[in-house]
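Input: a single structure, listed below in structure tokens.
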Amino acid sequence: MKLTFRWYGDSDPVKLQYIRQIPSMTGVVTAVYTVPVGEVWPKDDIENLKKTIHDRGLEMEVIESVPVHEDIKLGLQTRDKYIENYKQNILNLAESGVKVICYNFMPVFDWTRTQLDKVLADGSTALVYYMEDLLKMDPLNGELSLPGWDSSYTKEGLREVFAKYKNVDEEVLWKNLEYFLKEIIPVAENCGVKMAIHPDDPPYNIFGLPRIITNEQNLDRFLKLVDSEYNGLTFCTGSLGCASFNDVVKMVDKYASLGRIHFMHVRNVKLLSDGSFEESAHYSSCGSIDIVKVMEALHKNNFTGYLRPDHGRMIWGETGRPGYGLYDRALGAMYISGIWETLNKSKK
Ligand SMILES: [Mn+2]
2 MKLTFRWYGD SDPVKLQYIR QIPSMTGVVT AVYTVPVGEV WPKDDIENLK KTIHDRGLEM
62 EVIESVPVHE DIKLGLQTRD KYIENYKQNI LNLAESGVKV ICYNFMPVFD WTRTQLDKVL
122 ADGSTALVYY MEDLLKMDPL NGELSLPGWD SSYTKEGLRE VFAKYKNVDE EVLWKNLEYF
182 LKEIIPVAEN CGVKMAIHPD DPPYNIFGLP RIITNEQNLD RFLKLVDSEY NGLTFCTGSL
242 GCASFNDVVK MVDKYASLGR IHFMHVRNVK LLSDGSFEES AHYSSCGSID IVKVMEALHK
302 NNFTGYLRPD HGRMIWGETG RPGYGLYDRA LGAMYISGIW ETLNKSKK
């Protein structure tokens, strides 16, 4: 297991030198954020990013994310141009030493929450998702925006893209994903980069848009679309685990044993009775996911991929990017490392 930390580049209030001070941290997971979705990342930008990170004693072996252009998800004629660009990005990143690329195939929106600063009982703040509030949200009224969402959409642009999805149901989305994978996976194989799809968050349709990377049956189907080690998963315990139909520990065990998990996102969520959930501290009893069992499943299967603590709460007065502060993620990293060290030592 290689422990990593997400870093948003020079504008991130969490500095590389702080990340470097977390024991057993090997590298950061990042991206080139200045290039519009669908375009080729300049090689100089990739190399400069790598140099900045290496100069601080960290590695850059995982990219999160190379976003997939909406035309690819929609299956439009124009997709071929964007797929060629995507292949070029894979090749360029491989040349700079990248081993894993994380991406997702969620239409229009990335991860979705109803509040980013819910005050929990201990005074920390966390991201939450309350069903009652979600049902009141209208993404087309132009007032809604969350981090992780493509903020380049205007109100009209959003209406247009929603209209295009009128003809894209889950089966069409599967076809479009298969088309994309059959183009890019051979390229990834040739240059030794493992592609790792991130599950949909939350893992079911929202706002009438289809979502397919959602549950065990669909992950099985996904892995068979192109049955190659290079067509793998970013297994996000929080994204899959926020729905009660997913048995996260069982799924980690299964996909790790198949050698198809290349990147782990580890975080905990507390499930509430009506399908709502609150992000919690990593510690098992703070949420609904048994993090020790997740780590045991990885250990049992000799997991050698990358892992990062995923979202954290805001604690100790820290302010910054919701979910991506330093302190709680660092606590999560040490908790995970502690479990891993114990498992390593008790095996001998
Ligand atoms: Mn995640």
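Residues 2 to 349 (our numbering) are what the sequence shown spells out, left to right. Using N, Cα and C, we set each Cβ at its ideal position, and we do this for glycine too.
For residue j and residue i, the rounded distance between their alpha carbons
i: Arg309; j: Lys156; result: 34 Å
i: Val173; j: Ile292; result: 35 Å
i: Leu50; j: Asp275; result: 43 Å
i: Phe106; j: Ile73; result: 9 Å
i: Thr35; j: Tyr87; result: 16 Å
i: Asn90; j: Gly193; result: 13 Å
i: Tyr328; j: Ser125; result: 11 Å
i: Ile214; j: Leu59; result: 31 Å
i: Met138; j: His55; result: 43 Å
i: Phe278; j: Val67; result: 28 Å
i: Glu319; j: Lys16; result: 14 Å
i: His283; j: Thr79; result: 42 Å
i: Lys176; j: Ile102; result: 21 Å
i: Met26; j: Lys165; result: 43 Å
i: Leu224; j: Ala197; result: 11 Å
i: Pro203; j: Leu241; result: 7 Å
i: Leu159; j: Asn168; result: 16 Å
i: His312; j: Tyr180; result: 31 Å
i: Asp359; j: Asp248; result: Examination of residue 359 is not possible in this model, given that the chain is present from 2 through 349 alone.
i: Asn191; j: Asp254; result: 28 Å
i: Ser289; j: Ser258; result: 23 Å
i: Lys119; j: Glu184; result: 42 Å
i: Ile340; j: Arg314; result: 20 Å
i: Gly353; j: Val69; result: Residue 353 lies beyond the range of the chain shown here (2 to 349); nothing can be said about it.
i: Val33; j: Lys3; result: 22 Å
i: Lys100; j: Cys287; result: 33 Å
i: Trp317; j: Pro323; result: 14 Å
i: Ser281; j: Trp112; result: 16 Å
i: Tyr154; j: Thr5; result: 31 Å
According to DSSP, residues forming a beta bridge with residue i
i: Glu280; result: Val270
i: Val29; result: Phe6
i: Met196; result: Ile102 and Asn232
i: Ile262; result: Leu234
i: Lys119; result: Ala127
i: Pro310; result: Val267
i: Leu210; result: Ile207
i: Met252; result: Met252 is not bridged to any residue.
i: Ile64; result: Thr31 and Ile102
i: Met315; result: Thr126
Own chain, CB closer than 8 Å to residue i, minus 5 neighbours either side, in chain order
i: Glu48; result: Ser97
i: Asp134; result: Thr115 and Gln116
i: Thr31; result: Arg7, Trp8, Tyr9, Gly10, Leu50, Ile54, Met61, Ile64 and Glu65
Chain-order list of residues whose beta-carbon lies under 7 Å from that of residue i (same chain, five-residue window excluded)
i: Leu77; result: none
i: Gly260; result: Glu230
i: Leu182; result: Leu226, Val227 and Asn232
i: Leu94; result: Ile47, Ile64, Ile102 and Val194
i: Gln18; result: Arg57
i: Pro187; result: none
i: Ala244; result: Pro203, Pro204 and Tyr205
i: Lys294; result: Val250
Chain-order list of residues whose beta-carbon lies under 6 Å from that of residue i (same chain, five-residue window excluded)
i: Leu121; result: Ala127
i: His300; result: Leu344
i: Pro14; result: Gly321
Rounded Cβ spacing between residue i and residue j (contact assumed at less than 8 Å)
i: Phe246; j: Asn269; result: Not quite, the Cβ-Cβ distance comes to about 18 Å (not below 8 Å), so this is no contact.
i: Phe163; j: Leu136; result: Not quite, the Cβ-Cβ distance comes to about 17 Å (not below 8 Å), so this is no contact.
i: Ala298; j: Val250; result: 6 Å
i: Pro43; j: Met335; result: Not a contact, Cβ separation roughly 36 Å.
i: Leu220; j: His263; result: Going by Cβ atoms, the distance from Leu220 to His263 rounds to 13 Å, so no, they are not a contact pair.
i: Gly39; j: Tyr104; result: Rounded, the Cβ-Cβ distance is 12 Å, inconsistent with contact.
| request: Under 5 Å from any heavy atom of ligand 1, by CB: list those residues in chain order, please. | output: Cys237, His266 and Asp311
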